[in-house]
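Colleague: Residue numbers (my numbering): 11 to 164.
Below: one structure in structure tokens.
This is the structure in structure tokens:
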């Protein structure tokens, strides 16, 4: 798949999410995200949070044996978290962004394309990488049409 990368200027946004460590495989990440995304969404909406966008996953650390992900959502206004559901802010600034169309198990190709673009353009990451799940698989079960945006703070 061919990817086009663009650099966007992002505004700061309140964020609420749950961090978990998992194996750095599509299966491990999918299993973890399947658990924490609905939990974060439910907590936010039951506690007065108004979603400002679709669900997303931030990648905080990555190694050959473990990755730390944070599944959650941006909010229109901040709300209070708890011991499990943490509040933070996606900072304002520039991000390199590309759009992936297809199943989640092919997102590695999008991440590789973004990494290669950054190297080719001498762009340095300044923060986490994250995925925004534009398509809701429950509303559209055809994985070949799922849209995911991949962001890298730069």
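Even for Gly, the Cβ is constructed at its ideal location relative to N, Cα and C.
Thinking C-beta only, is residue 42 closer than 8 Å to residue 30?
Modeller: Walking along the chain shown from the start, residue 30 turns up at place 20. Walking along the chain shown from the start, residue 42 turns up at place 32. Yes, the Cβ-Cβ distance between residue 30 and residue 42 is below 8 Å.
Colleague: Take residue 157 as the anchor and find which of 148, 48, 90, 142 has the nearest alpha-carbon.
Modeller: For this step, residue 157 is matched to residue 147 along the chain shown. Of the candidates 148, 48, 90, 142, the one whose C-alpha sits nearest the C-alpha of residue 157 is 142.
Colleague: Per DSSP, what kind of secondary structure is residue 13 in: helix, strand or coil?
Modeller: Locating residue 13 in the chain shown gives position 3, counting from the first residue. In the structure shown, residue 13 sits in coil (DSSP, three-state: anything other than H, G, I, E or B).
Colleague: When you compare each of 50, 103, 17, 13 to residue 25 by their alpha carbons, which one comes out closest?
Modeller: Walking along the chain shown from the start, residue 25 turns up at place 15. Comparing Cα-Cα distances from residue 25 to each of 50, 103, 17, 13, the minimum goes to 50.
Colleague: Rounded to whole angstroms, what's the CA-CA distance from residue 55 to residue 144? Just pull it up for me.
Modeller: For this step, residue 55 is matched to residue 45 along the chain shown. For this step, residue 144 is matched to residue 134 along the chain shown. Rounded to the nearest angstrom, the two C-alpha atoms are 19 Å apart.
Colleague: Determine the DSSP secondary structure at residue 144, reduced to helix, strand or coil.
Modeller: Along the chain shown, one-based indexing puts residue 144 at 134. Here residue 144 sits in coil by DSSP.
Colleague: Going by other Cβ atoms of all chains shown within 10 Å of its Cβ, with 16 needed for buried, is residue 11 buried or exposed?
Modeller: Here the question's residue 11 lines up with position 1 in the chain shown. Flag for residue 11 reads exposed.
Colleague: Can you name the start and end residues of the alpha helix (DSSP H) that residue 21 belongs to?
Modeller: Residue numbering aside, residue 21 sits at position 11 when the chain shown is read from its first letter. Run containing residue 21: none; DSSP gives neither H nor E here.
Colleague: Could you check where the alpha helix (DSSP H) with residue 114 kicks off and where it finishes?
Modeller: The residue you call residue 114 lines up with position 104 of the chain shown. Taken as a continuous stretch (DSSP letters only), residue 114 belongs to no alpha helix (DSSP H), as it is neither H nor E.
Colleague: Consult DSSP for residue 98 and reduce its assignment to one of helix, strand or coil.
Modeller: Translated into the one-based positions of the chain shown, residue 98 becomes position 88. Correct three-state label for residue 98: strand.
Colleague: At the level of alpha carbons, what is the spacing between residue 126 and residue 80?
Modeller: For the purposes of this step, residue 126 is taken as residue 116 along the chain shown, with counting starting at 1. For the purposes of this step, residue 80 is taken as residue 70 along the chain shown, with counting starting at 1. Rounded to whole angstroms, residue 126 to residue 80 spans 24 Å at the Cα level.
Colleague: Could you please give the first and the last residue of the uninterrupted alpha helix (DSSP H) stretch that includes residue 38?
Modeller: Residue 38 sits at position 28 when you count from the first residue of the chain shown. Per DSSP, residue 38 belongs to the alpha helix (DSSP H) from 36 to 56.
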